[in-house]
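Single-structure report; data block below.
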Amino acid sequence: MVRLFHRALIGVLFLFLLAPVLLVMPMSFSADAFLIWPPSGFSTRWYVALARDTGLLKAAGNSLILAILVCAAALLIALPAALVLARGRFPGQAAIVALLSAPLLLPTIVLALALLIVFVGYGLIGSWPGLMLAHLLVGLPYAVRVLMTAVSTLPPDVEEAASSLGAAPWSVFRRVTLPLMMPGVAAATAIVFLVSFDEVVISLFVVGPQLTTLPVALFHYVETRTDPLVAAVSALLVVLTLAIVLILERALGLARALGK
Amino acid sequence: MSGPSRLTPHLLLAPALLVNFAVFLAPMLNLAVLSFREARPGGSIGTRFTLSTWQTLIEDPYYLDLVTGSIGLAVPVTIATLLAAYPLALFIHRASQRWRSLLVVACVSPLLVSAVVRTYGWMVILGDSGLVAAAIRTFGMKPPRMVFNTAGVAIALVEILMPTMILCLLAGFGRLSAALEEAAASLGAPPFRVFLRVVLPLSLPGVLLGCLLAFVLTVSSFITPKLLGGGRVILLATEIYDQAIVTLNWPVAAALSVLSLAVFGAALMLYGRLLRRVEA
Numbered sequence: 000m001v002r003l004f005h006r007a008l009i010g011v012l013f014l015f016l017l018a019p020v021l022l023v024m025p026m027s028f029s030a031d032a033f034l035i036w037p038p039s040g041f042s043t044r045w046y047v048a049l050a051r052d053t054g055l056l057k058a059a060g061n062s063l064i065l066a067i068l069v070c071a072a073a074l075l076i077a078l079p080a081a082l083v084l085a086r087g088r089f090p091g092q093a094a095i096v097a098l099l100s101a102p103l104l105l106p107t108i109v110l111a112l113a114l115l116i117v118f119v120g121y122g123l124i125g126s127w128p129g130l131m132l133a134h135l136l137v138g139l140p141y142a143v144r145v146l147m148t149a150v151s152t153l154p155p156d157v158e159e160a161a162s163s164l165g166a167a168p169w170s171v172f173r174r175v176t177l178p179l180m181m182p183g184v185a186a187a188t189a190i191v192f193l194v195s196f197d198e199v200v201i202s203l204f205v206v207g208p209q210l211t212t213l214p215v216a217l218f219h220y221v222e223t224r225t226d227p228l229v230a231a232v233s234a235l236l237v238v239l240t241l242a243i244v245l246i247l248e249r250a251l252g253l254a255r256a257l258g259k
Numbered sequence: 000m001s002g003p004s005r006l007t008p009h010l011l012l013a014p015a016l017l018v019n020f021a022v023f024l025a026p027m028l029n030l031a032v033l034s035f036r037e038a039r040p041g042g043s044i045g046t047r048f049t050l051s052t053w054q055t056l057i058e059d060p061y062y063l064d065l066v067t068g069s070i071g072l073a074v075p076v077t078i079a080t081l082l083a084a085y086p087l088a089l090f091i092h093r094a095s096q097r098w099r100s101l102l103v104v105a106c107v108s109p110l111l112v113s114a115v116v117r118t119y120g121w122m123v124i125l126g127d128s129g130l131v132a133a134a135i136r137t138f139g140m141k142p143p144r145m146v147f148n149t150a151g152v153a154i155a156l157v158e159i160l161m162p163t164m165i166l167c168l169l170a171g172f173g174r175l176s177a178a179l180e181e182a183a184a185s186l187g188a189p190p191f192r193v194f195l196r197v198v199l200p201l202s203l204p205g206v207l208l209g210c211l212l213a214f215v216l217t218v219s220s221f222i223t224p225k226l227l228g229g230g231r232v233i234l235l236a237t238e239i240y241d242q243a244i245v246t247l248n249w250p251v252a253a254a255l256s257v258l259s260l261a262v263f264g265a266a267l268m269l270y271g272r273l274l275r276r277v278e279a
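Chains as they are written, first to last, in numbering that gives the first Met the number 0: chain G, 0 to 259; chain V, 0 to 279.
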């Protein structure tokens, strides 16, 4: 009896946790003009409407390009830093690691306001460099942390063996270190991509009328209208996220990739 | 060691530190300074330093209500998140190896879905023509209002924070071994006593970390109160947004930011104290 109650409780809690993500799926096929549960009929009208919504599509394109650019920049910047921070012992090392992770500990709304005020002065609002910098603020700490974990779990002897056999440092890095780090690099890429693609609070402050991202466009859409169009976008986003999660899980296990 | 190789670590760290300075350190310092600048109509900032922004913040009861209101929402949300996440985390911890990784993925993946999407999902559930309202109507009762008020925001926040809490609890359960529980049970302790005397105390560090994060994330939550609250649920973060984007009063927005950082600092200190007591 107690066992049955326990099972039921676990089931209800799981449903509660997954309900909003699961429910957007049937809702996206609603035939109604408003958010009504249960839908009076099912159709693909909202996917058709989405395909015609040039504003949302443009924003989605921007988000995709931005996420790719941010991934590339974050990896290029974080990889050398991670190599130094995970390996060497030098004064101030712990402080530097803390400084580089600090943006993750502070409320994003505060970071967003701080960026807005500085960006206005430099004309970076609503610009590609501005958005890239803003997303690097939250993407870079993840990249550094994940890559540091990847470096610290490398077998130490392999690199020494390579250099003792006469390989130059750059050659050791390119032929030995980097290939061994590939799972970590893949994890960092996936996490930074999702962080950038989903980022909304900081983006809200630094986007402009000419350049906006998908989460910001969705935010403003939901602010003014509630119809199943957003459910269609949400369903596609959930599927995309799931695909990335599955790839990540296959590559090295999600729990390890998140550093927990 | 030769010259160039001693220089290399600095060169390798330079890009990361440069970006950190440009988008984090410098803007944050600027923000703190800004709260002492005078605000001029139309959003421009004066050059003179003044305490008037802080004086307004302290004297106007509206801002005090904002802080107490934000904390007043964060405390019950944190407790509810803990109560909802604990049984799930314990269940996952005790599951077999194969099931465990699958369950962890199922619990953590909502974390990777945008807050806008998850909040929208709650509109589908809690809206006036939503899932819960429809269920209540089938029983012939009139459903209560569940959106555009604090209750709806609180429900959605609990769900949104659950993955984070579960991750913290699972990390905390790492110290718990099945052997320890069996030992307690074999010495005659009934299941509830084993939980109270063995499981719960050992999991307290994870509980504390999860509660700290849930509290801090609720105080700074913005998307959910803004969308699900429909402008009727005003917290620190939504007020910062309104002051910065709508009213264009940057000194007040900056001062409110510093204020929410102070709430963070206080939560962090309390966490440190409790952790020391738990681990002693």
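We put the CB at the ideal spot given by N, CA and C, even for glycine.
Relative to the alpha-carbon of residue i, which residue among the options has its alpha-carbon at the smallest distance?
| i | options | result |
| --- | --- | --- |
| G:Arg44 | G:Pro227, G:Asp156 and G:Val20 | G:Pro227 |
| G:Leu264 | G:Leu56, G:Ser163, G:Ser39 and G:Tyr121 | In the structure as shown, chain G begins at 0 and stops at 259. Residue 264 of chain G is therefore absent and cannot be evaluated. |
| V:Gly229 | V:Ala150, V:Ser256 and V:Ser176 | V:Ala150 |
| V:Gly260 | V:Leu216, V:Glu278 and V:Arg275 | This sequence places Leu at residue 260 of chain V; Gly is not what is there. Here the closest residue by C-alpha is V:Leu216. |
| V:Val146 | V:Leu227, V:Cys106, V:Leu199 and V:Ser51 | V:Leu227 |
| G:Met131 | G:Pro25, G:Arg51 and G:Leu65 | G:Leu65 |
| V:Val76 | V:Arg97, V:Lys141 and V:Thr223 | V:Thr223 |
| G:Val11 | V:Glu158, V:Ala243, V:Gly171 and V:Phe214 | V:Glu158 |
| V:Leu179 | V:Ile135, V:Gln54 and V:Phe194 | V:Phe194 |
| V:Leu65 | V:Leu234, V:Arg276, V:Phe23 and V:Val277 | V:Leu234 |
| V:Phe35 | V:Gly264, V:Leu258 and V:Leu274 | V:Leu258 |
| G:Ala231 | G:Leu21, G:Met0 and G:Val145 | G:Leu21 |
If you drop the 5 nearest sequence neighbours on each side, which residues of the same chain put their C-beta closer than 7 Å to that of residue i?
| i | result |
| --- | --- |
| V:Tyr270 | Leu207 and Leu211 |
| V:Leu161 | According to the sequence displayed, residue 161 of chain V carries Met and not Leu. Cβ within range, chain order: Thr80, Ala83 and Ala84. |
| G:Ala73 | Leu135, Gly138, Leu139, Ala142 and Val191 |
| G:Val229 | Leu217, Tyr220 and Val221 |
| V:Val277 | Leu203, Pro204 and Leu207 |
Spatial neighbours of residue i within its chain, please: C-beta separation below 6 Å, excluding the five flanking residues on both sides.
| i | result |
| --- | --- |
| G:Val184 | none |
| G:Leu153 | Leu179 |
| V:Cys106 | Pro162 and Ile165 |
| G:Leu14 | none |
| G:Ala149 | Met180 and Gly183 |
| G:Arg224 | none |
For residue i versus residue j, is the C-beta distance shorter than 8 Å?
| i | j | result |
| --- | --- | --- |
| G:Glu198 | G:Pro208 | no |
| V:Tyr119 | G:Val221 | yes |
| V:Ala153 | V:Trp121 | no |
| V:Gly129 | V:Leu168 | no |
| V:Ser113 | V:Val218 | no |
| V:Gly126 | G:Leu17 | no |
| G:Pro140 | G:Leu103 | yes |
| V:Leu124 | G:Pro25 | Sequence inspection shows Ile at residue 124 of chain V; the Leu mentioned does not correspond to that position. Not a contact, by the Cβ cut-off of 8 Å. |
| G:Val205 | G:Ile76 | no |
| G:Ser29 | G:Thr212 | no |
| V:Leu199 | G:Ile95 | no |
| G:Val244 | V:Leu101 | no |
| V:Arg47 | V:Glu37 | yes |
| V:Ala236 | V:Phe221 | yes |
| G:Ala133 | V:Val22 | yes |
| G:Ile9 | V:Tyr240 | no |
| G:Ser162 | G:Ser27 | no |
To which residues of the same chain is residue i closer than 8 Å at the C-beta, ignoring the five residues directly before and after it?
| i | result |
| --- | --- |
| V:Met268 | none |
| V:Leu87 | Cys106, Met161 and Ile165 |
| G:Phe218 | Val199 and Leu203 |
| V:Asn148 | Gly228, Arg231 and Val232 |
| V:Met0 | Model confidence at V:Met0 stands at a pLDDT of 38, short of 50, so the residue's coordinates are unreliable; what they give is reported in the following sentence. Correct list: empty, nothing qualifies. |
Taking 8 Å as the threshold (beta carbon to beta carbon), is residue i in contact with chain A?
| i | result |
| --- | --- |
| V:Tyr62 | Here chain A cannot be found, since the structure's protein chains are G and V. |
| task | State whether the region 203-214 of chain V contacts the region 177-191 of chain V, with contact taken as three or more CB pairs (one from each stretch) at a distance under 8 Å. | result | no
Does the count of Cβ pairs from the region 31-40 of chain G and the region 186-196 of chain G closer than 8 Å reach three?
no
What ranges does the beta strand (DSSP E) occupy inside the region 182-241 of chain G, keeping only unbroken runs of at least 3 residues that lie completely in it? none
Legend entry - Every unbroken alpha helix (DSSP H) within the region 6-76 of chain G, with a cutoff of 4 residues, ordered by chain: 44-51
Quiz item: Any contact of the region 107-127 of chain G with the region 71-90 of chain G, i.e. 3+ C-beta pairs under 8 Å?
Solution: no
- request: May I have a chain-ordered list of the alpha helix (DSSP H) segments no shorter than 4 residues that lie completely inside the region 229-267 of chain V?
  value: 235-240
Answer yes if the region 20-31 of chain V comes into contact with the region 247-261 of chain V, meaning at least three C-beta pairs across the two stretches below 8 Å, and no otherwise.
-> yes
Can you confirm whether the region 169-183 of chain V touches the region 92-108 of chain V when touching is taken to mean that 3 or more C-beta pairs between the two stretches lie within less than 8 Å? yes
Please give me, in chain order, every unbroken run of the alpha helix (DSSP H) with length at least 4 that falls completely inside the region 95-147 of chain V. 96-107, 114-125 and 130-137
3 or more residues per run - each beta strand (DSSP E) lying fully within the region 193-235 of chain V: none
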